[in-house]
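Chemist: Supplied in structure tokens, the structure appears directly below.
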Amino acid sequence: MPSLREAHLRHARHYEARLRSADNLYRQDGAAMQRGLAQFDLERPNIQAGQACAAAHGEGDQLAAELCSGYALNGSQCLSLRLHPSELFEWATAALASARRTADRRAEALHLSNLGTACAALGESRQANEHYHEALTLARSPDIRYRRAEGGALCGLGHACMNAGQPQQAIKYFEQWLAIAQEDDRRDEGTALMNLGVAYLHLQGTSRAIEYFDQALAVARETGNRRRESDIFVNLGIAQWSLGNRPHAFQCFDQAVIIAREIGDRAGEGGMLGNIGNTRAALGDHTRAIETYSQALVAAQECGDRRLESGILFNMSRSLDKQGDRAQAIANAKSALAIMEEI
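Structure representation (structure tokens):
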């Protein structure tokens, strides 16, 4: 008869496989993606229990350590949609320790990038940057040369540069990532194209940005990547708005929100609603802008995106001020400032 510990690890191994199965479905076409998310949602309590068990026993058990690392790696797509950044941070931290115990340096490089992404979502920019650089160094080391991890680290560093207001440096990282993705990963290729478009948009290169977005949209549809398709529509909307094509911009934003709600992407939904709020405010429709910002704020708070929450609060404060609600406008602006000082 197996011991209680063995029974727990058997349970953990089974649900690590179920998580991997759900994530593999998610990476396929639209219908399979929905099945993957549904499978994850149905089995989420057991998946979380299995990961906790593997993490608890990882220090003294090779199998448990391998499972702990596998949980974070093999479910990355579903986890990024469904887990709060603080939980993603915990999973990545435990997985990184497990990968180091088992001397799995390739997994270590991937976990470092995932840890950087979790830190970035929590507003810990300095720590995120450190993790990305460490991941890049490890991925490029002569004894590993792991292109997948190298691409993930370059992606993270590009985002870090964008957050720091350095789009030109971000382009350098994104171009390197695109070259890696074009070797054998169409989904990453589409994401890299989109990020290059965003960087050029920040440099006022709207026409070139739209070219990248159009290429990215074609890849997202080809690969059935609905989440990325939603992100691309947001950025196309921003680009169209900057060109003065307001009806087209709103069509893009609306399409993005529809897709985000279909797949349960609350973080994406929050960002998209924030953009719609901004466009309504720019048109002088502050009543509807405030309504949209309020929806965006709930989504941002639910998914734990502190940077997004701060931006929405600040933008809402401006619309509130335009509506004559000076007290609430000041309160929102102070809350936004407090969050930015915290992160």
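Numbers in this note's numbering are just positions in the sequence shown, counted from 1, shifted up by 1.
We put the beta carbon where it would ideally sit given N, CA and C, even for glycine.
Just so we're clear, the structure is a prediction, and the values are computed from it rather than from any experiment.
#1: Tell me the start and end of each unbroken alpha helix (DSSP H) in the stretch 129 to 203 that is at least 4 residues and wholly inside, in chain order.
#2: If you draw a straight line from the C-alpha of His-58 to the C-alpha of Ala-66, how long is it?
#3: Would you please state the rounded distance, in angstroms, between the beta carbons of Thr-192 and Arg-229? I believe it to be under 8 Å.
#4: In or out: His-160 buried (at least 16 other Cβ within 10 Å) or exposed?
#5: Could you give the DSSP three-state label for Arg-28: helix, strand or coil?
#6: Along the chain, where does the alpha helix (DSSP H) containing Asp-322 start, and where does it finish?
#7: Would a C-beta distance cut-off of 9 Å place Ala-300 and Arg-267 closer than the cut-off?
#8: Check the C-beta distance from Ala-330 over to Leu-321 and give it rounded, since I have them as a contact under 8 Å.
#9: Using a Cβ-Cβ cutoff of less than 6 Å, which residues in the same chain neighbour Ala-13 once the five nearest sequence positions on both sides are dropped?
#10: Would you mind sorting Asp-185 into buried or exposed? The rule is 16 or more other CB atoms within 10 Å of its CB.
#11: Are Gly-37 and Ala-18 touching if we call contact CB-CB under 9 Å?
#12: Helix, strand or coil: how does DSSP classify His-15 here?
#13: Can you tell me the Cα-Cα spacing of Ala-334 and Leu-309, whole angstroms?
#14: Contact check, Arg-227 vs Glu-263 under 8 Å by CB: the rounded distance?
#15: Does the stretch 269 to 288 touch the stretch 91 to 98, meaning 3 or more C-beta pairs lie closer than 8 Å?
#16: Can you round the beta-carbon distance between Gly-152 and Tyr-133 to whole angstroms, since I take them to be within the 8 Å contact cut?
#17: Just to confirm, are Tyr-72 and Ala-110 a CB contact at a threshold of 9 Å?
#18: Closest to Gly-265 by CA distance: which of Arg-188, Gly-61, Ala-154, Leu-80 is it?
#19: Suppose contacts are defined by Cβ-Cβ distances below 9 Å. Is Asn-316 in contact with Gly-275 by that definition?
#20: Output needed for Gln-63: all residues of its chain with C-beta closer than 7 Å, excluding positions within five of it in sequence on either side, in chain order.
#21: Under three-state DSSP, which class holds Gln-241?
#22: Consider the Cβ of Ala-300: report whether some Cβ of chain C lies at a distance smaller than 9 Å.
#23: Kindly list the residues whose CB is nearer than 6 Å to the CB of Leu-113, restricted to its own chain and excluding five residues on each side of it in sequence; keep chain order.
#24: Near Ser-295, which residues of its chain fall below 7 Å by C-beta distance, leaving aside the five closest residues on each side in sequence?
#25: Any idea what DSSP makes of Met-2, helix, strand or coil?
#26: Return helix, strand or coil for Gln-205, following the three-state DSSP convention.
Modeler: Considering the structure as presented:
#1: Taking only runs of at least 4 residues, the alpha helix (DSSP H) segments lying wholly in the stretch 129 to 203 are 148 to 164, 168 to 185, 187 to 203.
#2: Approximately 7 Å, taken between the alpha carbons.
#3: Rounded to whole angstroms, the Cβ separation of Thr-192 and Arg-229 is 6 Å, and the two are in contact under 8 Å.
#4: Per the 10 Å Cβ criterion, buried.
#5: DSSP places Arg-28 in coil when its eight states are reduced to three.
#6: Per DSSP, Asp-322 is one residue of the alpha helix (DSSP H) stretching across 307 to 323.
#7: Going by C-beta atoms, Ala-300 is nearer than 9 Å to Arg-267.
#8: Rounded, the Cβ-Cβ distance is 4 Å, consistent with contact.
#9: So the qualifying residues of the chain are Gly-51, Cys-54, Ala-55, Leu-68.
#10: It counts as exposed.
#11: The Cβ atoms of Gly-37 and Ala-18 lie no closer than 9 Å to each other.
#12: Three-state DSSP puts His-15 in a helix.
#13: Rounded to whole angstroms, Ala-334 to Leu-309 spans 14 Å at the Cα level.
#14: Contact between Arg-227 and Glu-263 holds: CB atoms are separated by about 7 Å, below the 8 Å threshold.
#15: The stretch 91 to 98 makes no contact with the stretch 269 to 288: fewer than 3 CB pairs, one atom from each, lie closer than 8 Å.
#16: That belief does not hold up - the Cβ atoms of Gly-152 and Tyr-133 are roughly 12 Å apart, past 8 Å.
#17: No, Cβ-Cβ distance for Tyr-72 and Ala-110 is not below 9 Å.
#18: If you compare the alpha carbons of Arg-188, Gly-61, Ala-154, Leu-80 with that of Gly-265, the shortest gap goes to Leu-80.
#19: Against a cut-off of 9 Å, the Cβ pair of Gly-275 and Asn-316 comes out as a contact.
#20: Correct list, in chain order: Thr-103.
#21: In the displayed model, Gln-241 falls within a helix according to three-state DSSP.
#22: Given the protein chain composition of this structure (a single chain), no chain C is represented.
#23: Taken in chain order, the residues that qualify are His-132, Glu-135, Ala-136.
#24: The answer is none, since no qualifying residue turns up.
#25: Here the model assigns Met-2 a pLDDT of 49, short of 50, so the residue's position is not dependable, and the following value carries that caveat. Taken through DSSP and simplified to helix, strand or coil, Met-2 comes out as coil.
#26: Coil at Gln-205, not helix or strand.
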